[in-house]
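First comes the structure, then the notes that go with it.
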Amino acid sequence: MKKRIWPAVALLFALIAWSLGGCAVTGEETADTAEYIEGVHPDAAQSGNIPAKLEAPGRETAAGDAPQQREESEEPSAESGNGDAGPPNMAPPAEETDETDPEILRFISYNIGNEQDGNGQPVSARAPLLKEVIDCYQPDVFGVQEAVSEWRNYLTQYFGGQYDALMQCQAENEDEAIAVFWRKDRLSCMESGYFWLSEHPERPAAGWDGTRPRVCVWAQLKDLRTGKIFLYYNTQFDTPETCQIGSVELIVKKAAEQGDYPVFCAGNLCVEEQVWGTSYTFWQKGFMLISQEFSAEPGPTLHRYQPGGITADHCFYQEMRSIVEDFKVVDDRPQGGYISDHYGIYWAITLV
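The sequence shown lines up with residues 374 to 725 when you count with my numbering.
Structure (structure tokens):
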């Protein structure tokens, strides 16, 4: 009996040691640096474009131990500890969208905030609030920024059964990741990858006059209902204008290399909509803001836990390739709490 136990114990310690690996980055897109797409053959994962398989919810991942499931008997408190007390403020997508239209695709982009929350709330208090939002809106695709390892554990646990995903850290020895999720029952990933917003996109580096490396994660997705294909890019820009101009040009160039498909680029673009600089003129070469198509005043997305704020989170798209069905700022506050110092953005489109 003891002879059978010791190999199992050794295997257990090996797995624990493997699970302590972080989101280290090398200069290549490999299964070691990016997490995951479901059902990919290991050889394909080494090609650089396709990452390794998404771990099942509740299982230990390379980011660390999975968080504990909430007990079924646990009742939500009227005071969330993550903001003002009060009832949930969950507003589902606007009724202008035909919920029965099988061709409509729904998206969310959200800067979920790293572990240094300005409101003093840990990820463990904020993650269940994000789950409520995603469960309410049921996006076919959603992208998040600033997903540190604890966030990645929750994202895997909450959404691993329903979504496939690709996550990539911003830089070597940096915990923040950019992630894209897509519904398994609606979309198939044809190709995916990531690059850095710099003069050397193949490796982690700050670009142009930027101050830190910024990565862009992308996926080429096929709608299983219609057979139509589109490209989704998720990123977080640096603030200097020269860096933003270079980032826009690089994303547009990379998208063109993937083929003639509709393109969506969303994320925390770190610029107020009312004071766009030269970078906006580069976006206008074939792209426009989805918010301007549907709403003249979309509302602030960067609130910093105060009334008002600025609109810093955006989605650019090609007007001739998609019909915008709906758009709104996701300013929902489940249980009266804040997910981060940002609100998300939601939009619904029909591919032309």
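Using N, Cα and C, we set each Cβ at its ideal position, and we do this for glycine too.
Taking one beta carbon from each stretch, the segment 493–500 and the segment 521–539 have 3 or more pairs nearer than 8 Å; the two touch.
Around the beta-carbon of Thr-612, fewer than 16 other beta-carbon atoms lie within 10 Å, marking it exposed.
In this structure Gly-491 is in contact with Arg-677, their Cβ atoms being roughly 6 Å apart against a cut-off of 8 Å.
Look at Tyr-719 here: in three-state DSSP terms it is strand. Annotation: Ala-500 is outside any beta strand (DSSP E); the continuous alpha helix (DSSP H) that includes it extends over 496–510.
When Trp-555, Trp-656, Cys-688 are compared, the shortest CA-CA separation from Pro-671 is found for Cys-688. DSSP, read as helix, strand or coil, puts Phe-700 in strand. Under the three-state reduction of DSSP, Tyr-536 is assigned to strand. If you draw a straight line from the Cα of Cys-643 to the Cα of Gln-511, it is about 26 Å long. In chain order, Trp-569, Ser-571, Pro-586 place their CB closer than 7 Å to the CB of Ala-578, counting only its own chain and leaving out the 5 sequence neighbours on each side. In the same chain as Ser-713, and ignoring 5 residues on each side of it, the C-beta atoms closer than 8 Å to its own belong to Tyr-483, Asn-484, Ile-485, Gly-486, Asp-490, Arg-499, Glu-519, in chain order.
Residue pairing from DSSP leaves Trp-656 without any beta-bridge partner. For the set Gly-516, Ile-618, Glu-488, Phe-660, the Cα lying nearest the Cα of Gly-640 is the one of Gly-516. Taking all protein chains in view, the Cβ of Ala-629 is surrounded by fewer than 16 other Cβ atoms within 10 Å, so the residue is classified as exposed. Taking the C-beta atoms as reference points, Phe-603 is found nearer than 7 Å to Tyr-634. The beta carbon of Val-514 sits closer than 6 Å to those of Phe-480, Trp-555, Tyr-605, all from its chain and outside the five residues before and after it, given in chain order. Inclusion of Cys-542 and Gly-580 in the CB contact set at 7 Å is not warranted, their separation being larger than that value. Of the other Cβ atoms in all chains shown, fewer than 16 fall within 10 Å of the Cβ of Asp-508; this residue is therefore exposed.
Pairing Phe-700 with Ile-663 gives a Cβ-Cβ distance under 7 Å. The alpha-carbon separation between Ala-550 and Met-540 amounts to approximately 6 Å. Of the other Cβ atoms in all chains shown, 16 or more fall within 10 Å of the Cβ of Pro-673; this residue is therefore buried. For the options Pro-574, Leu-560, Leu-502, the alpha carbon positioned closest to that of Gly-717 is the one of Leu-502. In the same chain as Asp-548, and ignoring 5 residues on each side of it, the C-beta atoms closer than 6 Å to its own belong to Val-521, Ser-522, in chain order.
In the three-state DSSP reduction, Gln-489 falls in the coil class, being neither helix nor strand. Shortest Cα-Cα distance from Lys-601 to any of Gln-631, Ser-561, Ser-565, Asn-607 involves Ser-561. Rounded to the nearest angstrom, the Cβ distance from Lys-557 to Gln-535 is 7 Å, consistent with a contact under 8 Å.
Counting along the chain, Cys-562 sits inside the beta strand (DSSP E) bounded by residues 560–569. Here Thr-608 is buried, its C-beta having at least 16 other C-beta atoms within 10 Å. Note on geometry: alpha-carbon atoms of Tyr-690 and Pro-680 lie some 29 Å from one another. Residues Arg-559, Leu-560, Ser-561 of the same chain have their beta carbon placed closer than 7 Å to that of Leu-597, with the five preceding and five following residues left out of the count.
Assigned with DSSP and collapsed to three states, Trp-591 falls in strand. Across the structure, Ser-695 and Glu-614 are spaced so that their CA atoms are roughly 28 Å apart. For the options Gln-631, Val-625, Thr-529, the alpha carbon positioned closest to that of Glu-564 is the one of Gln-631. Phe-660 and Asp-474 have their C-alpha atoms some 25 Å from each other.
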